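Asker: Residue numbers (mature numbering (1 follows the signal peptide of the UniProt record, and there is no 0)): -21 to -1, 1 to 257.
For glycine and all other residues, C-beta sits at the position ideal for the given N, C-alpha and C.
If you're wondering where the values come from, they're calculated on a predicted model, not measured in any experiment.
I am attaching a structure below and will ask some questions about it afterwards.
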C-alpha cells in the first residue's frame, strides 16, 4: 500500500512540473522561396523566415540551427527526427494536420497568377481584387468559374505538394497543371514560354518580377485568400506540445511588440501577419 501510494505521489508530482523549454531547436527551411527564405549572394540563408526564426529563438532564449531542405523532404525529415520544426512558408491545412502539428500562425498566404505579356492565358478575371474564398464566396465562385474557362487547355505551373497544386486540381480542373520541385524551376519555364501561367504566393511572384528574365511578366487574376491557401505556421511533430507552447509564446510576444509586423514590411513591403490580412 505504501509503495503504491508513493508511486502515485511521484506520478502526480511529475505531472505538476511544467514542461522544460528546449535549449536547442533544429529548424528546416526551403531556401528557394525568396523573399521568405533563400540563399543570398554570400551563400548564407536569408529572408523573412530566417530573420523571423532568429528573432523567435532570441525571444525564447533558445539556440536554433537552421538548415536547407528540399520541400518534399520537409515533413518526412521532421517526423523522422532530423529536425524539430519547419519554418518554410508552410500553410496550415487539414491534410497536413493529419500528419504533423503547427504552431500559431505567423503569416497569411495570398496567391495569384504570373504570366508573360501576350501569354495565351491572357488577362484573367478579377485582376488585382482581394478575393476571400469563404468571406466572398459568391463572388469568388463566380470569378473562379470564369478563370477556369479562361485557363481551359492552358498549361499552369505550380510547386508540387503545395496548396496551389491542390487548388488547381479542385477548383480549376480545365487547365493542364505542371508541377515543379521549386518555384525557381517553375519561373524559369514560364520565362522560356514552356508554361502559360504560374500560380503561387504573391510575395514570391512579386520578387520573381525583379529577375532579368521576367521583365516582360505581370501578375494577373484575383488575390486569393482563404482556407484553401491557409495561414502559415511552424510545422511540428505530433505530440510535441512542450515545443509548441514554447514557440507559441515567442510568436505571441513578437506579434504584440510589433517585431513580426516590422519584419513583414521589411521583406514584403506590406504587413502580411494574420491579423492584418483578415
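1. Rounded to the nearest angstrom, how far is the Cβ of residue 68 from that of residue 28, given a contact under 8 Å?
2. What would DSSP say about residue 165, mapped onto helix, strand or coil?
3. CB residue 261 to CB residue 130, shorter than 9 Å?
4. Just tell me which of 42, 47, 43 has its CA closest to the CA of residue 19.
5. Less than 8 Å between the CB atoms is what I'm expecting for residue 99 and residue 133, so what's the real figure, rounded?
6. Of the choices 163, 253, 216, whose alpha-carbon is the least far from that of residue 81?
7. Can you tell me whether residue 78 is buried or exposed, with buried defined as 16 or more other CB within 10 angstroms of its CB?
8. Please report the Cβ distance between residue 252 and residue 181, rounded to the nearest whole angstrom; I am assuming they are in contact, meaning their Cβ atoms lie under 8 Å.
9. Would you decide whether residue 136 is buried or exposed? Buried here means 16 or more other CB atoms lie within 10 Å of its CB.
10. Do the CB positions of residue 262 and residue 95 come within less than 9 Å of each other?
11. Have a look at the DSSP bridge pairing and note the partners of residue 178.
12. In angstroms with no decimal places, state the Cα-to-Cα distance between residue 140 and residue 39.
Answerer: So, from the listed chains and residues:
1. Position 89 of the chain shown holds residue 68. Position 49 of the chain shown holds residue 28. At roughly 7 Å, the Cβ-Cβ gap stays under 8 Å, so residue 68 and residue 28 are in contact.
2. Within the chain shown, numbered from 1, the residue matching residue 165 stands at position 186. Look at residue 165 here: in three-state DSSP terms it is helix.
3. Only positions -21 to 257 of the chain appear in this structure, which leaves residue 261 out of reach.
4. For the purposes of this step, residue 19 is taken as residue 40 along the chain shown, with counting starting at 1. Ranked by Cα distance from residue 19, the first of 42, 47, 43 is 47.
5. Looking up residue 99 in the chain shown gives position 120. Looking up residue 133 in the chain shown gives position 154. Taking the Cβ atoms as the reference, residue 99 lies roughly 6 Å from residue 133, within the contact range of under 8 Å.
6. As a first step, residue 81 must be located in the chain shown, where it is residue number 102. Of 163, 253, 216, the residue nearest in Cα terms is 216.
7. In the chain shown, residue 78 corresponds to position 99, counting from 1. Exposed is the call here.
8. Numbered from 1 along the chain shown, position 273 holds the residue referred to as residue 252. Numbered from 1 along the chain shown, position 202 holds the residue referred to as residue 181. Between residue 181 and residue 252 the Cβ distance is about 15 Å, and since that is not below 8 Å, they are no contact.
9. Reading the chain shown from its first residue, position 157 is the one you call residue 136. The residue in question, residue 136, is buried, as its Cβ has 16 or more Cβ neighbours within 10 Å.
10. With the chain running from -21 to 257 in the structure shown, residue 262 is simply not present.
11. The sequence position of residue 178 within the chain shown is 199, counting from 1. Answer is 92.
12. Within the chain shown, numbered from 1, the residue matching residue 140 stands at position 161. Within the chain shown, numbered from 1, the residue matching residue 39 stands at position 60. Our two residues, residue 140 and residue 39, have alpha carbons roughly 31 Å apart in a direct line.
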